[in-house]
Amino acid sequence: MMAKNKEPRPPSYTISIVGLSGTEKDKGNCGVGKSCLCNRFVRSKADEYYPEHTSVLSTIDFGGRVVNNDHFLYWGDIIQNSEDGVECKIHVIEQTEFIDDQTFLPHRSTNLQPYIKRAAASKLQSAEKLMYICTDQLGL
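250 is the number of the first residue of the sequence shown in this note's numbering; add one for each residue after it.
See below:
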């Protein structure tokens, strides 16, 4: 007896948001809005939007399961329908440079490449990394 064919999975894409990151010396005292863009794209309802985001973290928060010693955030995924009705799944990643709240220098990571090289990587993985929702997940 042959197994029944399952419905085909929708195509899956990963969008990586890249932009100016780093210390205040590099980018000034405010960000360029990468987190706001990711947040709005993944959580389109007004009640699900969180306006506060930070890239200055303690060592404990940087090592926690949300950031997981990486300089990127996983914002989650959404299902989108194209104009011709084709459904696809979109995963959203934000590339950033997390700053140590003690030294105000970038946190050391397992990936020692500079931001521009890390952001261009085509394969990202982080065992047990949790989806980022808001700063309430951190010990801020």
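In this text, a Cβ means the ideal position worked out from N, Cα and C, and glycines have one as well.
Keep in mind the model is a prediction, meaning the values are calculated, not measured.
Does the separation of the CB atoms of residue i and residue j fall below 8 Å?
| i | j | result |
| --- | --- | --- |
| E336 | P259 | yes |
| I266 | Q351 | no |
| T384 | E301 | yes |
| G271 | E346 | yes |
| I365 | I264 | no |
Taking only the alpha-carbon atoms, compute the straight-line gap between residue i and residue j and give it to the nearest angstrom.
| i | j | result |
| --- | --- | --- |
| L368 | I309 | The sequence shown places Ala at residue 368, rather than the Leu named in the question. Going from the Cα of A368 to the Cα of I309 covers about 23 Å. |
| E256 | K283 | 35 Å |
| A354 | Y262 | The residue asked about is misnamed: residue 354 is Leu in this sequence, not Ala. Straight-line Cα distance between these residues: approximately 33 Å. |
| T303 | H356 | 14 Å |
| L286 | N278 | 18 Å |
| Q362 | F311 | 17 Å |
| S358 | I327 | 28 Å |
| S371 | V305 | 25 Å |
| S394 | G325 | No statement about residue 394 is possible, as the shown extent of the chain runs from 250 to 389 and does not include it. |
| D275 | D296 | 33 Å |
| G280 | G334 | 36 Å |
Which word fits residue i, buried or exposed, when buried means at least 16 other C-beta atoms lie within 10 angstroms of its C-beta?
| i | result |
| --- | --- |
| I348 | buried |
| N288 | buried |
Since I believe residue j is in contact with residue i (beta carbons under 8 Å), could you give me their beta-carbon distance rounded to a whole number of angstroms?
| i | j | result |
| --- | --- | --- |
| Y298 | M380 | Not quite, the Cβ-Cβ distance comes to about 15 Å (not below 8 Å), so this is no contact. |
| V315 | L387 | 7 Å |
Does any C-beta atom of chain D lie closer than 8 Å to the C-beta of residue i?
| i | result |
| --- | --- |
| S293 | Chain labels in this structure do not include chain D; a single protein chain is all it has. |
Next item on the list: Evaluate the contact criterion for the stretch 287-297 versus the stretch 309-320: three or more CB pairs, one atom per stretch, below 8 Å.
Entry: Counting Cβ pairs under 8 Å, fewer than three are found: no touch.
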